[in-house]
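Novice: Starting off with a structure, shown below.
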Amino acid sequence: MAATESLIQRAQKGDQDAFAALVEEHQRYVYNLALRVVRDENEALDLTQETFVRAWTALPNFRGQSQFRTWLYRITTNLCYNRLPNLRRSLNDLGDDIMEEIPETNFNGPAHEFESSETRTHLYKAIDSLDTNYKLLITLRYQSELSYEEIASTLNLPLGTVKTGIFRAKEQLRKSLVHLEESWINA
Amino acid sequence: MDKRLKQDVFEEALKSRPLASMPRSITMDVMARIPAKQRLTLLTWSDFALSSILAACIAALWFAAQHLPPILVTKLRIQGILLYQDFLVNSRWLAPSLLFGLAALLAAITIPTLLKMTMDHRR
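Which chain is which? The protein sequence lines are A and B, in order.
In short: position in the first sequence from 1, add 1, done, that's our numbering.
In short: position in the second sequence from 1, add 503, done, that's our numbering.
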């Protein structure tokens, strides 16, 4: 972490080698977020590249209030908003019901099912088939491991909307897994 | 197994999704685009060149003013006095005109924000 901060400080002073090291360190995470949203390798690469170019331009304004990677995610999501104009609208349309406590997703099946690779593969496919807004929320929460507050700040959404969106996304995933379980029982 | 534990296992499964590997590294591409994108120093050679030209112009004006013929200096003074008198005569209109212009400018500046707010409200 201290090494990253040192790289950021050097990059802010114009050290291109330090910035190259930051690109090398973070590009995979940015690429994955972009890929989950745009679903196209080339477009995701392009978005990743654009994210870092913008990051370099905006780097003097980075004051370290958030983690560097979270800041990069914010740039990436803004670029995604530009490419997918409906994404912001669909996120706003989730509503801003204030969910103080997130209800637990109701599971009936045995938990060890998640240990089977087949179930996990199905879960990952189910994530891919989610609507883009839900997929973005799930990716930021579970793959990028951001807190609800960080996601709200990154996407510029109310906290309640983020919690509602993630809850609904998980509900959809649960339903998908229930369908899988039923198909196994019937088979 | 209780619900909380199942919830945790589900969330672990969500977190365990492996990152997709990148088809290629983009570091070189990014670094190739950077120099043209950002100005790393506060002053560049073009700033020095521009300020030198401006300084030369100011110096030339000052030098010319110092060497004007006395008759021309007197004429300029007369014109200056006439201009000042004109200003005194018309100054009662100046303040209201300036204030009106400023108010119009401020009103015009708010138009884009109001338009955006209207569009957002419609959505």
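Just so you know, even glycine gets a beta-carbon here, dropped at the ideal spot from N, CA and C.
1. Counting C-beta neighbours from all protein chains within 10 Å, is the total for B/L609 16 or more, i.e. buried, or is it exposed?
2. With distances taken from CA atoms, which of A/T5, A/D18, A/F53, A/K14 is nearest B/I529?
3. What does a CB cutoff of less than 7 Å around A/W57 pick up in its chain, not counting 5 residues either side in sequence?
4. Taking one C-beta from the stretch 151-162 of chain A and one from the stretch 118-128 of chain A each time, how about it: are there three or more such pairs within less than 8 Å?
5. For A/G96, which residues of its own chain have a beta-carbon under 7 Å away from its beta-carbon, when the five flanking residues on both sides are left out?
6. Give me the Cα-Cα distance between B/Y587 and B/I581, rounded to the nearest whole angstrom.
7. Using a C-beta to C-beta distance shorter than 9 Å, which residues of chain B count as neighbours of A/R121?
8. Quick check: the stretch 31-43 of chain A against the stretch 66-78 of chain A, are at least 3 beta-carbon pairs closer than 8 Å?
9. Provide the residue span of the alpha helix (DSSP H) that contains A/K136, from first to last.
10. Starting from A/Y32, follow the alpha helix (DSSP H) in both directions and report where the run begins and ends.
11. Take the Cβ of B/F513 as the centre, count every other Cβ of all protein chains shown within 10 Å, and call the residue buried at 16 or more, exposed below.
12. Report the rounded CA-to-CA distance for A/S67 versus A/E26, giving the unit in angstroms.
13. At a CB-CB cut-off below 7 Å, which residues of chain B make contact with A/A21?
14. Which residues bound the alpha helix (DSSP H) around A/D129?
15. In its own chain, which residues sit with a C-beta less than 7 Å from the C-beta of A/T71, not counting the 5 before and 5 after it?
16. Compute the distance between the beta-carbons of A/Q5 and A/F69, then report whether it is under 8 Å.
17. What is the rounded straight-line gap between the Cα of A/R55 and the Cα of B/L546?
18. Keeping to the same chain, check which residues put their C-beta closer than 8 Å to that of A/P61; ignore five residues upstream and five downstream.
19. With 7 Å as the limit, tell me which residues of the stretch 35-59 of chain A have their beta carbon closer than that to any beta carbon of chain B; keep them in chain order.
20. Run through DSSP, which three-state label would A/N43 get?
21. Cα separation between A/A35 and A/A153?
22. Can the beta-carbon of A/L193 be found closer than 8 Å to that of A/Y82?
Specialist: Inspection of the coordinates gives the following:
1. Residue 609 of chain B sits at position 106 when you count from the first residue of the second sequence. Looking at its Cβ environment, which holds fewer than 16 other Cβ atoms inside 10 Å, B/L609 is exposed.
2. For the purposes of this step, residue 529 of chain B is identified with residue 26 of the second sequence, where counting begins at 1. Selection A/T5, A/D18, A/F53, A/K14 evaluated against B/I529 yields A/F53 as nearest (Cα-Cα).
3. Here residue 57 of chain A is taken as the residue at index 56 of the first sequence, counted from 1. Excluding sequence neighbours, A/W57 sits near F20.
4. The stretch 151-162 of chain A, when compared against the stretch 118-128 of chain A, does not touch it at the 8 Å Cβ threshold.
5. The residue given as residue 96 of chain A occupies position 95 in the first sequence. The answer, listed in chain order, is T162, T165.
6. Locating residue 587 of chain B in the second sequence gives position 84, counting from the first residue. Locating residue 581 of chain B in the second sequence gives position 78, counting from the first residue. Straight-line Cα distance between these residues: approximately 10 Å.
7. By one-based count along the first sequence, residue 121 of chain A stands at place 120. Within 9 Å Cβ-Cβ: A516, S519, R520.
8. Yes, since at least three Cβ pairs between the stretch 66-78 of chain A and the stretch 31-43 of chain A fall closer than 8 Å, the two stretches touch.
9. Translated into the one-based positions of the first sequence, residue 136 of chain A becomes position 135. It spans 133-139 - the alpha helix (DSSP H) in which A/K136 sits, taken as one unbroken run.
10. For the purposes of this step, residue 32 of chain A is identified with residue 31 of the first sequence, where counting begins at 1. That run of the alpha helix (DSSP H) goes 17-39.
11. On the second sequence, position 10 is the one that residue 513 of chain B refers to. The residue is buried, with at least 16 neighbouring Cβ atoms inside 10 Å.
12. Here residue 67 of chain A refers to the residue found at position 66 when the first sequence is read from its first residue. Here residue 26 of chain A refers to the residue found at position 25 when the first sequence is read from its first residue. Going from the Cα of A/S67 to the Cα of A/E26 covers about 17 Å.
13. In the first sequence, residue 21 of chain A corresponds to position 20, counting from 1. Within chain B, the residues near A/A21 are T530, M534.
14. As a working note, residue 129 of chain A is residue 128 in the first sequence. A/D129 -> alpha helix (DSSP H) spans 118-129.
15. Here residue 71 of chain A is taken as the residue at index 70 of the first sequence, counted from 1. Taken in chain order, the residues that qualify are L147, E151, T155.
16. Along the first sequence, one-based indexing puts residue 5 of chain A at 4. Along the first sequence, one-based indexing puts residue 69 of chain A at 68. Position check: residue 5 of chain A holds Thr in this sequence, whereas Gln was assumed. Yes, these two residues count as a Cβ contact at 8 Å.
17. Residue 55 of chain A sits at position 54 when you count from the first residue of the first sequence. Residue 546 of chain B sits at position 43 when you count from the first residue of the second sequence. CA-CA distance, A/R55 to B/L546, rounds to 21 Å.
18. Along the first sequence, read from residue 1 onward, the residue named residue 61 of chain A stands at position 60. Excluding sequence neighbours, A/P61 sits near Q13.
19. Within the stretch 35-59 of chain A, the qualifying residues are L36, E42, L46, T49, Q50, F53, V54, W57, T58.
20. As a position in the first sequence, residue 43 of chain A is number 42, starting the count at 1. In the structure shown, A/N43 sits in a helix (DSSP, three-state: H, G or I).
21. Taking the first residue of the first sequence as 1, we reach residue 35 of chain A at position 34. Taking the first residue of the first sequence as 1, we reach residue 153 of chain A at position 152. Those two C-alpha atoms are separated by around 18 Å.
22. Because chain A in this structure spans residues 2 to 188, residue 193 of chain A falls outside the shown range and cannot be described.
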